Amino acid sequence: MPTLLIQGGRIVDPSQSLDAVGNVLIRDGRIVAVGPDAAADGTVVADEVIDASGLIVTPGLIDMHVHLREPGREEDETIETGAAAAIAGGFTSVACIPNTEPPIDSQAAVEFIHQKAARADACNVFVVACASKNREGKELAEIGQLVEAGAVAFTDDGSPVYDAELMRRVFEYCRMFNKPFLAHEEVLELTAGGVMHEGRVSMVLGLKGMPAAGEEVMIGRDIALAEVTGGWLHVMHLSTAGGVELVRRAKARGIAVTAEATPHHFTLTDECLRHFDSNYKMSPPLRTAADVEAILEGLVDGTIDCIATDHAPHAVEKKMLELDRAPFGILGLETAVGLSITRLIVPGRMDWTRLVAAMSTLPAKILGIDRGTLGIGAIGDVTLIDPTMSWVVDASQFRSKSVNTPFHGWQLTGRAVATIVGGRIKFRLTETAAAS
Amino acid sequence: MTASDHAFAEVPHAWTHRHLLDLERLSADEITLVLDTATAFKDATNGCRTKLSALAGATVVNLFFESSTRTKTSFALAARRLGADVVDFSAAGSSLSKGESFIDTAKNLEAMGIDAVVVRHHTPGTPHLLTQHLGVGVINAGDGPHEHPTQGLLDILSIRERLGSLDGITVGLVGDIAHSRTARSNIWGLTKLGAKVILCGPPTLVSHRWQEFGVEVSHDLDAILPRCNVLNLLRIQFERQNTRPFPSVREYAHLYAMDKQRLRRARPDLVILAPGPINRGVEVTADVADCPQSLILDQVTNGLAVRMAALWLTCGRRATTSPSASQPTGAST
């Protein structure tokens, strides 16, 4: 029975309202003791001991919005490289989005992901499956069979479900399984040809804009459909102040709505496009400073439940093109913890309990997975974070297959130093890597 | 070397840029320097008709990814008037059609030993992208709806020649502001030199947001017409629009075309510019385009002068810094 003792760290676990210095003991892949008094009398002899003094010990972090690109676009990322990036970034679990080629809309496709993930043997990979067959937005996918195969949620991400009648059916049908629909909210007529947020910067640069209304109109429609069906709407990558307000009001009215925001949407603005760097091109686009502020407020007050990265790798030859030819997307897995701590914890906007809830407890709840807790008996997924480590992002050191990040060279505070999956240490930041 | 060549032996210290990408980031003094240089070239070449040797031995590549007649020809002639060799590159039939990236194409051209690239591209920012990958001077000859600095400069030079100064005059830019690189270069250049700018067109083509930059926005040409010293009539860029921004050409012309009736209501000394190519009967009627107030043909000559200035300033010989500043004392010991 292998045992792992994580000793003397500050344990932050919102699932059991725990924030105290103590120990976590994992035996046979499960948590057997946790807290200030756990394994404290010195009688426990563990196979392996990690000194966590000065570190934050959290239930394993979960990124519920990751594009692993496999099958179909292995030149950008594979399940193996994506999972390696995840553990290097402190994530013990990711949920992969099904806009692959072919899309994940069958039991066989879900099985393929699970097998590849098992072979990669890094983090847990949960599968989000297509809401519509072949992600075409025409007919319901076989949602019941996909649930049986292990799909944890449904989405046509990359695209909205355009047909309002089909959208209604998805909400109604998913309700039977208590699964959320993860919505990419975009009115395509309003964003056609757009490369960035529509506003004064796009006007000056002569770049085709994507107005905030293009996102908000669709959020409004889906809130109305969630209300009428009793279905569960999860708004992905919320990026506008108006969208935050729509979600806030819907929640106040008791509609089943949850939401996520990405680190780039609470860190960067459309001003970044002034240098025409395609690393700043993503969908939804970077918005204004007022939108960034609204996202931060929404995260702090819980309107936005969680932080997800929308990790979207693109091979360099595809991304480093003229702005209108470059694809949308930005890497997220290996910078999310640093950006979140730097933007939320360091300025004192958010406490650790809320941040861990946003990066672990709540994503687990939304996906309905038995993760996101250090409770006794839980699976031993744990992330150790050095909250004060200062480091410089170096894309050349990324485990991801791609390097499309605008954060290369950024100085960040806070970094995951160990990632433990099922009681096994899958990642430890070496001193040389930390120094680089 | 002739006397006039001697005047253009070294690029003045006041010009510090390697590229000419936009007017937004140039200062008023820098814009004036380009205009003065253009005027000097014009004077030294009998109105851009004779040749100098200021860029003898240099090679300029015209890298055009969008069709162009006048701008491409104007840059080619400007380079030849300065004694440079010119290579014309067009995307059709090149390796780009075999899938080579834009940047690889440019790098290959650079490796052949060139001194400047004049680039036109349908995507905003492409000239900026080039400067990150090439070591040679880059001149933006129009990047999508973003900027067309030499067009802005030649418009401003034409106004300056006619009216003496830009300070305090009112310039109406009429038409498709949304899709016009000429509009953006004009807005920055004119406002920096002290002119008042009024943008005029339907709200689908003129954003009210321009007011945030100290520019007046109007949708009523007849209302602003009496206040304008200059009208610059911009082409409707049908090719850049997803959906039609007005119901019909007929209605657009009714509201915004500069015709004889409107001309009568304008100041008698109104000056009319059009960057061309013009849609006669849409932005301007034929009789107005050819009237005495029209500077349309002056613009063509000034285009040559401004492009000579732009080429020389970006790839002409730089004055070496003074010896005391560049050589550390005691370095030889």
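Chains as they are written, first to last, in the numbering used here: chain H, 63 to 498; chain A, 145 to 477. Quick reminder that beta carbons are idealized off the backbone N, C-alpha and C, glycines included. These figures come from a predicted structure and were not determined experimentally.
Check	Outcome
Spatial distance of A469 (chain A) from C185 (chain H) (CA atoms)	Annotation note: pLDDT 41 at A469 (chain A) (below 50); position unreliable, coordinate value reported separately. Computed Cα separation, rounded: 59 Å.
Alpha carbon of Q471 (chain A) to alpha carbon of P293 (chain A), nearest angstrom	The predicted position of Q471 (chain A) is uncertain, since its pLDDT is 39 and thus under 50; no value can be drawn from it.
Proximity test, Cβ basis, 8 Å: T267 (chain A) and chain H	yes
C-beta neighbour in chain A for R262 (chain H), strict 8 Å	yes
Amino acids of chain A, ordered along the chain, whose beta-carbon sits closer than 9 Å to that of L250 (chain H)	Neighbours of L250 (chain H) on chain A: none; closest Cβ ~11 Å, over 9 Å.
Boundaries of the alpha helix (DSSP H) in which P425 (chain H) is found, first to last residue	L424 to L429
Start-to-end residues for the beta strand (DSSP E) that takes in K270 (chain H)	Where K270 (chain H) is concerned, there is no enclosing beta strand (DSSP E), given that its DSSP letter is neither H nor E.
Residue interval of the alpha helix (DSSP H) (run including Q473 (chain H))	No alpha helix (DSSP H) holds Q473 (chain H); the beta strand (DSSP E) holding it covers Q473 to V483.
Paired residues, beta bridge with P121 (chain H) - DSSP	H:V444
Nearest to R193 (chain A) (by Cα), restricted to the options A:L221, A:L455, A:D180 and A:T176	A:L221
Host alpha helix (DSSP H) of N330 (chain A) (start-end)	R325 to K336
Residue range of the unbroken beta strand (DSSP E) whose run includes F239 (chain H)	Premise fails: F239 (chain H) is in no beta strand (DSSP E) and is neither H nor E.
Under 8 Å between C-beta atoms of P389 (chain A) and L269 (chain H)	no
Cα-Cα separation between L393 (chain H) and I205 (chain H), rounded to whole angstroms	29 Å
Cut-off 7 Å between Cβ atoms - residues of its own chain near F328 (chain H), not counting five sequence neighbours on either side	V354, I357, L358, L361 and R405
Residues that H373 (chain H) bridges to, as DSSP identifies them	H:V128 and H:I392
Three-state class that DSSP yields for S438 (chain A) in the structure shown	strand
7 Å Cβ cut-off: residues of chain H touching E305 (chain A)	The premise fails here: E305 (chain A) is roughly 28 Å from chain H at the closest Cβ pair, so nothing lies under 7 Å.
Helix, strand or coil at D478 (chain A) according to DSSP, with G and I counted as helix	Limits of chain A in this structure are 145 at one end and 477 at the other, which puts residue 478 (chain A) out of reach.
Contacts of N284 (chain A) in chain H (Cβ-Cβ under 8 Å)	None at all; the shortest Cβ gap to chain H is about 12 Å.
DSSP-derived helix/strand/coil call for F208 (chain A)	strand
Distance CB(A288 (chain H))-CB(W294 (chain H)) smaller than 8 Å	yes
DSSP-derived helix/strand/coil call for T435 (chain H)	coil
For P76 (chain H), the three-state DSSP class (helix, strand or coil)	helix
D311 (chain A): first and last residue of the uninterrupted beta strand (DSSP E) it sits in	Careful: D311 (chain A) lies outside any beta strand (DSSP E) and carries neither H nor E.
Residue environment, G104 (chain H), which counts as buried when at least 16 other CB atoms sit within 10 Å	exposed
Below-8 Å beta-carbon distance, F469 (chain H) vs any chain A residue	no
Below-8 Å beta-carbon distance, H373 (chain H) vs any chain A residue	no
For E136 (chain H) and G439 (chain H), the rounded distance between their alpha carbons	37 Å
Whole-angstrom distance between Q169 (chain H) and L228 (chain H), CA atom to CA atom	21 Å
CA-to-CA distance, A433 (chain A) to R451 (chain A), given in whole angstroms	24 Å
Rounded straight-line distance, which links the Cα of I342 (chain A) to that of V361 (chain A)	6 Å
Own chain, CB closer than 7 Å to M126 (chain H), minus 5 neighbours either side, in chain order	A157, E322, C368, A370, P425, I428 and L429
Spatially closest choice to I317 (chain H) from H:S221, H:D372 and H:L308, by CA coordinates	H:L308
Cβ-Cβ distance between P273 (chain H) and L252 (chain H) below 8 Å	yes
W456 (chain A) vs T215 (chain A) beta-carbon contact at 8 Å	no
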